[in-house]
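See below for the structure under consideration.
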Ligand SMILES: Nc1ncnc2c1ncn2[C@@H]1O[C@H](COP(=O)(O)OP(=O)(O)O)[C@@H](O)[C@H]1O
Ligand SMILES: [Mg+2]
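In our numbering, the protein residues as written are 5 to 247.
Structure, rendered in structure tokens:
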């Protein structure tokens with residue numbers, strides 16, 4: 005049951021493409037102060053869950069609530085203004101714009117801030133994410149790491165209450181991952197609830213207080229990270245079934 009601390013709450017989420025069922029009755033809850041990790045094999049439905057929660061894709065069935073309001077039928081822009089932000093597994097910068105313009109656009113259009121406040125949010129987000137030095141570069145000239153950071157910076161500039169991160173650590177060196185963990189910890193300390201899909205489990209565990217494991221469109225285990233990772237069903241989903 006949603007409690008007073010519940011920010012985002014999904015019940016019975018289902019998503020299918022034709023005959024392919026990608027989310028098969030997912031219940032998911034994010035509370036204030038949460039730091040949730042999501043793991044699971046490729047194709048489990050992790051990215052789709054984030055897309056359905058953020059509103060970039062509609063669910064085939066189920067309900068999504070945010071701070072007591074039913075947001076199931078609201079589009080991504082509306083949900084973003086309410087405080088749900090996401091990053092994309094494959095970075096999607098606005099090309100032809102500088103990094104600053106990308107982040108500013110996120111603050112004004114995504115966050116709904118007027119110019120002066122949007123500017124301040126931009127400066128803060130760029131600084132927090134280590135992107136100030138490349139603020140005047142065109143987004144399409146950035147390497148993968150900075151594209152990933154730009155995803156995070158844009159999401160942050162919308163002033164989220166819940167931040168949904170999709171494999172933002174992929175392809176990073178140990179040093180870069182440590183920096184990223186540091187940034188995400190700062191965001192969490194600023195009272196932003198974190199939901200982070202990540203394959204690099206030892207990095208994820210430096211932030212996640214609760215772990216959710218998905219397989220074949222379902223949540224197969226959730227709870228204390230160490231217990232979830234030791235769970236036989238989770239081990240089987242990753243390593244069993246001949247994979
Ligand atoms: N737009 C789409 N059309 C058809 N199938 C899709 C689409 N998006 C995702 N899928 C399928 O849904 C399943 C789950 O994908 P995804 O959510 O990306 O998984 P994960 O992020 O856990 O790897 C996969 O089998 C994928 O091929
Ligand atoms: Mg994915």
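Cβ coordinates follow ideal geometry from the N, Cα and C atoms, glycine included. Please read all numbers here as calculations on a predicted model, not as lab measurements.
Proximal residues to residue i (C-beta, below 7 Å), its chain only, five neighbours per side dropped
| i | result |
| --- | --- |
| residue 15 | 31, 66, 67 |
| residue 212 | 39, 40, 41, 200, 229 |
| residue 2 | With the chain running from 5 to 247 in the structure shown, residue 2 is simply not present. |
| residue 207 | 173, 181, 185 |
Any non-hydrogen atom of ligand 1 within 7 Å of residue i CB
| i | result |
| --- | --- |
| residue 116 | no |
| residue 47 | yes |
| residue 67 | no |
| residue 24 | yes |
| residue 230 | no |
| residue 152 | no |
| residue 50 | yes |
| residue 242 | no |
| residue 44 | yes |
| residue 123 | no |
Residue span of the beta strand (DSSP E) that contains residue i, given as start and end
| i | result |
| --- | --- |
| residue 217 | 214-219 |
| residue 33 | 24-35 |
| residue 70 | 65-70 |
| residue 43 | 39-43 |
Same chain, Cβ closer than 6 Å to residue i, neighbours up to 5 away in sequence not counted
| i | result |
| --- | --- |
| residue 61 | 55 |
| residue 140 | 102 |
| residue 80 | 58, 59, 60 |
| residue 204 | 173 |
| residue 247 | Here the model assigns residue 247 a pLDDT of 45, short of 50, so the residue's position is not dependable and the matter cannot be decided. |
Extent of the continuous alpha helix (DSSP H) run through residue i
| i | result |
| --- | --- |
| residue 179 | 178-193 |
| residue 9 | Where residue 9 is concerned, there is no enclosing alpha helix (DSSP H), given that its DSSP letter is neither H nor E. |
| residue 226 | Counting along the chain, residue 226 falls outside any alpha helix (DSSP H), though it belongs to the beta strand (DSSP E) covering 222-227. |
| residue 120 | 119-132 |
| residue 106 | 103-109 |
| residue 57 | 50-58 |
Coarse secondary structure for residue i, derived from DSSP in three states
| i | result |
| --- | --- |
| residue 150 | helix |
| residue 202 | coil |
| residue 16 | strand |
| residue 78 | coil |
| residue 167 | strand |
| residue 138 | helix |
| residue 4 | Summary: the structure shown does not reach residue 4, with the chain confined to residues 5 through 247, and so no result is reported for it. |
| residue 114 | helix |
| residue 247 | Its pLDDT being 45, under 50, residue 247 is placed unreliably by the model, and the measurement read from it follows with that caveat. DSSP places residue 247 in coil when its eight states are reduced to three. |
Any non-hydrogen atom of ligand 2 within 7 Å of residue i CB
| i | result |
| --- | --- |
| residue 248 | In this structure the chain extends from 5 to 247, so residue 248 is not present and cannot be described. |
| residue 170 | yes |
| residue 93 | yes |
Counted within 10 angstroms of its Cβ, other Cβ atoms place residue i as buried (16 or more) or exposed
| i | result |
| --- | --- |
| residue 194 | exposed |
| residue 240 | exposed |
| residue 177 | exposed |
| residue 137 | exposed |
| residue 152 | buried |
Short CB-CB distance (under 8 Å) between residue i and chain B
| i | result |
| --- | --- |
| residue 138 | In the structure shown, chain B cannot be found, because there is only a single protein chain. |
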